[in-house]
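Everything on this sheet refers to the single structure shown next.
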Amino acid sequence: MNKLLVIAAAAASVFTGFQAGAQGYPGTKPISIVVPFAAGGPTDRVARDLAEAMRKPLGGVSIVIENAAGAGGSIGANKVAKANPDGYTLLLHHIGMATMPTLVRNIPFKVDSDFEYLGMVNDVPMTLIAKPMMAANTYKELAAWINQNKGKINLGNAGVGSASHLCGLLFQNALQVDMTTVPYKGTAPAMTDLIGGQIDLMCDQTTNTTSQIEAKKVKAFAVTTAQRLGTPVLKDIPTLQESGLKGFEITIWHGLYAPKGTPADIQAKLSAALKVALKDPDFIKKQEGLGAIVVHDKRMEPAEHKKFVAAEIAKLSPIIKAAGVYAD
Ligand code: ASP
């Protein structure tokens, strides 16, 4: 390129803002974090707490949450995959990034190549919960109730590819009982129906279930982790393993993503702000109170985040296939 063209190209890039890089980023323009599930649910909860904690390290900029719910989280993920890679549209997603490629055959984006990985946020256990008027009070009684009600049981979830979908499938597979799955745009609306008794059962993250269990609005029967949990509200709930479902273990995790092509220096700013947020005592306290564990290991690093998601895809894909479940 000759000198004149270089100057013209530089002027054009300043004029359009294209490739502006981190200089002046984020400035005063709000950043949007897309949550691919309904407002008021567990992913939304994590995103709102995280947005608050990332605001300060990003110079006090507004961070708004945009709920782009539906299709088990793939609508919101696709929106970010196709968004302008300028650092102002991000995605907060969960284990769905690793289940969608197997559970949903036709996702319109590629998990590995359409995103920049910014770092992981937390690990969140799940709980198996039931409507408040459920006759059973212990896991043993619930298992008997399930056997007596085969063919009539409604299991809520947040759509094909969601965490609740995965957990529900593994649960049905472990019991060898088919339930009617009822998909919602997130487990916030599913929770409303569970409390009202329109559905019978649901698997959901502790970030959504802790307060409902505490208020006795739902009945909790098991946690999905290998060990019991330590929080006051959840500590007496047995694990599915100790209830007889050998090897049943599932933990949900969340990560932060930007569209592919986001300038490297903007990615670095966002990852650095994420790390500050992960050490914020308020953020840690809020998350721990809901049974979540904030990531403090190497998965805070973008490259390790990406490796972890690839490893989860490799781990979960045969499990999902063995459970014999697919959806288009
Ligand atoms: N808990 C939901 C899921 O099952 C997602 C949500 O509503 O945040 O994936």
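Residue numbers (my numbering): 42 to 369.
The beta carbon of each residue, even a glycine, is placed where N, CA and C say it ideally should be.
Query                                                                                                                                                                          : Result
So is residue 117 buried or exposed if we call it buried at 16+ other beta carbons inside 10 Å?                                                                                : buried
When you compare only the Cα positions, how much space is there between residue 348 and residue 257?                                                                           : 40 Å
Pull up the distance between the alpha-carbon of residue 292 and that of residue 330, whole angstroms please.                                                                  : 17 Å
Could you tell me the distance, in whole angstroms, from the CA atom of residue 210 to the CA atom of residue 337?                                                             : 30 Å
According to DSSP, residue 160 sits in a beta bridge with which residue or residues?                                                                                           : 297
Going along the chain, which residues of its own chain have a beta-carbon closer than 8 Å to the beta-carbon of residue 185, five neighbours each way excluded?                : 177
If we count the other Cβ atoms within 10 Å of its Cβ and call it buried at 16 or more, is residue 351 buried or exposed?                                                       : exposed
Could you tell me which residues DSSP pairs with residue 263 in its beta bridges?                                                                                              : 169
Please report how far the alpha carbon of residue 54 lies from the alpha carbon of residue 319, in whole angstroms.                                                            : Its pLDDT being 39, under 50, residue 54 is placed unreliably by the model, and the measurement read from it follows with that caveat. About 34 Å.
Could you spell out the range, first to last residue, of the alpha helix (DSSP H) harbouring residue 195?                                                                      : Counting along the chain, residue 195 falls outside any alpha helix (DSSP H), though it belongs to the beta strand (DSSP E) covering 195 to 198.
If you check the beta carbons only, do residue 342 and residue 136 fall under 8 Å apart?                                                                                       : no
Considering only the beta carbon of each residue, do residue 63 and residue 301 sit closer than 8 Å?                                                                           : no
When DSSP labels each residue in this structure, what does residue 107 get in the three-state scheme?                                                                          : strand
CB-CB under 6 Å to residue 100, same chain, minus the five flanking residues each way: which ones, in chain order?                                                             : none
Can you list, in chain order, the stretches of the alpha helix (DSSP H) that have 4 or more residues and sit fully within the segment 228 to 275?                              : 228 to 237 and 247 to 255
Do you know offhand how far residue 140's Cα is from residue 230's?                                                                                                            : 22 Å
Considering residue 358, what are the terminal residues of the alpha helix (DSSP H) in which it resides?                                                                       : 343 to 363
Sorry if obvious, but does the Cβ on residue 229 come closer than 7 Å to a heavy atom of ligand 1?                                                                             : yes
With three or more C-beta pairs closer than 8 Å as the rule, is the segment 282 to 297 touching the segment 203 to 222?                                                        : yes
Check whether the Cβ atoms of residue 172 and residue 259 sit closer than 8 Å, and answer yes or no.                                                                           : yes
Just checking my contact of residue 112 with residue 79 at CB under 8 Å: how many whole Å lie between their CB atoms?                                                          : Wrong, their Cβ atoms sit about 12 Å apart, outside the cutoff.
Expressed to the nearest angstrom, what Euclidean distance is found between the alpha-carbon atoms of residue 274 and residue 306?                                             : 42 Å
Can you list, in chain order, the residues of its chain with a C-beta nearer than 6 Å to that of residue 128? Leave out the 5 residues immediately preceding and following it. : 66, 303 and 307
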